[in-house]
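K.L.:
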Amino acid sequence: MPLGTVAAIAQANTENRTTNLNIIAKVYQEYVLHKSTYVYIEQQKLLIALVCFECFNEMWKFLILFLFIGQTFTALVPKAVHRHLNDRIVGGQPTNISNFPWQVSLQRSGTHFCGGAVYNEYVIVTAAHCVQGIEISTLKIRAGSTEWYEGGVLIEADDYKIHENYNAETMINDIAVIHLKSSLTLGTTIKSIPLANKNPVDGVPAVVSGWGTTFYGSPDLSATLQYVDLYTISHETCASSAYAYGNDIKKNMFCAYSPGKDACQGDAGGPLVSEGLLVGIASWGYGCALPDYPGVYTDIAELNSWIASSSF
6 MPLGTVAAIA QANTENRTTN LNIIAKVYQE YVLHKSTYVY IEQQKLLIAL VCFECFNEMW
66 KFLILFLFIG QTFTALVPKA VHRHLNDRIV GGQPTNISNF PWQVSLQRSG THFCGGAVYN
126 EYVIVTAAHC VQGIEISTLK IRAGSTEWYE GGVLIEADDY KIHENYNAET MINDIAVIHL
186 KSSLTLGTTI KSIPLANKNP VDGVPAVVSG WGTTFYGSPD LSATLQYVDL YTISHETCAS
246 SAYAYGNDIK KNMFCAYSPG KDACQGDAGG PLVSEGLLVG IASWGYGCAL PDYPGVYTDI
306 AELNSWIASS SF
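Going by this note's numbering, the residue at position 298 of the sequence shown is 303; the numbering climbs one at a time, nothing skipped.
#1: Taking Cβ to Cβ, would you say Ile183 is nearer than 8 Å to Trp107?
#2: Check whether the stretch 154-161 and the stretch 232-240 touch, using three or more Cβ-Cβ pairs below 8 Å as the test.
#3: Mind checking Asp179: buried by the 16 CB within 10 Å criterion, or exposed?
#4: What do you reckon, are the CB atoms on Ala211 and Ala261 nearer than 8 Å?
#5: So what does Asn125 bridge to, in DSSP terms?
#6: Please state the DSSP three-state secondary structure of Gly215.
#7: Short check: CB of Asn257 to CB of Ile177, under 8 Å?
#8: Just to confirm before moving on: does the CB-CB distance between Val233 and Ile102 stay below 8 Å?
#9: Please confirm if Ile286 has its CB atom under 8 Å from at least one CB of chain D.
#10: Output needed for Lys255: all residues of its chain with C-beta closer than 8 Å, excluding positions within five of it in sequence on either side, in chain order.
#11: May I ask which residues mark the beginning and end of the alpha helix (DSSP H) holding Gly241?
#12: Could you pull the DSSP bridge partners for Lys256 from this structure?
#13: Considering only the alpha carbon of each residue, which of Trp216, Ser188, Gly275, Ala294 lies closest to Ala287?
#14: Please specify which runs of the alpha helix (DSSP H), each continuous and at least 4 residues long, are wholly inside the stretch 113-191, giving them in chain order.
#15: Alpha carbon to alpha carbon, what distance is there between Pro99 and Leu230?
#16: If you check the beta carbons only, do Gly285 and Gly215 fall under 8 Å apart?
Structure, rendered in structure tokens:
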């Protein structure tokens, strides 16, 4: 896509969690709207914010802000007023990759933008919105390192598959698998993780990890892998009046939350693990660590057969 061409669609009440881009979350009473749209740029890193100045019924007015801040980069404009761009851990702690050896970093142009989980030595599980529209030749995976920018192994991706019923507007079926050009060597710092086969219920301890930002709207990734302890919230409870999402919680989604703790920008696609099983993939949320808006995850138990059958 040439410089100056922006493809974006306004949508209320959604925001996926992917990194590559600073988003102005709120300017007085003006809200940034996001859309999972890739903008390809030759020489500069481009920040794009779509600010809604008037939202009335079906009528929208936007100000598109451009800020050039670096070298070659592909920016992802995520998608809505209250589901944030790539998550980073809020309220968490630094850790070592040996404690989360299934965690990987998805990278383009030398920059982390999403997380993923090792399914086997050739396959990574991540969120569909992380890879939608990406040229496969630009995608690499770093595994086996506590830092996203060095160490471990950096392997090129060979192909990826997005769930055929993924919907970027509702975020339903936000799941994808990536096939690697060469195999991972499993060991202390790189391990596969088994998939859950039971839907999450309320109040079960879980942990999410990643290199995302440590607070909502931060421009900076965490250099070191972070983790945070959460509790699962069932699909039914998260969609109920106990929380503010309501009908936005679709089939194959559940939530996780602990006061002051959450995934945030840059953690999208990363693993939520409970009792040694991959129970969720970080998908979307309203802001980070807000009481009425827990993080929303793709339910692995609902999609484990798809993962198995789609793993090339």
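We put the beta carbon where it would ideally sit given N, CA and C, even for glycine.
P.N.:
With the structure as the only source:
#1: Along the sequence shown, one-based indexing puts residue 183 at 178. Along the sequence shown, one-based indexing puts residue 107 at 102. No, they are not a contact pair.
#2: no
#3: As a first step, residue 179 must be located in the sequence shown, where it is residue number 174. By the neighbour-count rule (16 or more Cβ atoms within 10 Å), Asp179 is buried.
#4: Here residue 211 refers to the residue found at position 206 when the sequence shown is read from its first residue. Here residue 261 refers to the residue found at position 256 when the sequence shown is read from its first residue. In contact: Ala211 and Ala261 (Cβ atoms closer than 8 Å).
#5: Counting from 1 along the sequence shown, the entry for residue 125 is found at position 120. BP columns for Asn125 point to Val128.
#6: On the sequence shown, residue 215 is found 210 positions in, with the first residue counted as 1. Gly215 falls in the strand class under three-state DSSP.
#7: Your numbering for residue 257 matches position 252 in the sequence shown. Your numbering for residue 177 matches position 172 in the sequence shown. Yes, the Cβ-Cβ distance between Asn257 and Ile177 is below 8 Å.
#8: Taking the sequence shown and counting its residues from 1, the one referred to as residue 233 is at position 228. Taking the sequence shown and counting its residues from 1, the one referred to as residue 102 is at position 97. Going by C-beta atoms, Val233 is not nearer than 8 Å to Ile102.
#9: The structure shown contains no chain D; it is built from a single protein chain.
#10: Numbered from 1 along the sequence shown, position 250 holds the residue referred to as residue 255. Closer than 8 Å at the Cβ level, and outside the excluded window around Lys255, lie Thr175, Met176, Ile177.
#11: For the purposes of this step, residue 241 is taken as the residue at position 236 of the sequence shown. The sequence as given places Glu at residue 241; Gly does not occur at that position. 240-243 is the extent of the alpha helix (DSSP H) around Glu241.
#12: Position 251 of the sequence shown holds residue 256. Answer is none; Lys256 lacks a bridge partner.
#13: By one-based count along the sequence shown, residue 287 stands at place 282. Of the candidates Trp216, Ser188, Gly275, Ala294, the one whose C-alpha sits nearest the C-alpha of Ala287 is Gly275.
#14: 133-136
#15: Position 225 of the sequence shown, counted from the first residue, corresponds to residue 230. Position 94 of the sequence shown, counted from the first residue, corresponds to residue 99. Distance between the alpha carbons of Leu230 and Pro99 is about 6 Å.
#16: Counting from one through the sequence shown, the residue named residue 285 turns up at place 280. Counting from one through the sequence shown, the residue named residue 215 turns up at place 210. Against a cut-off of 8 Å, the Cβ pair of Gly215 and Gly285 comes out as no contact.
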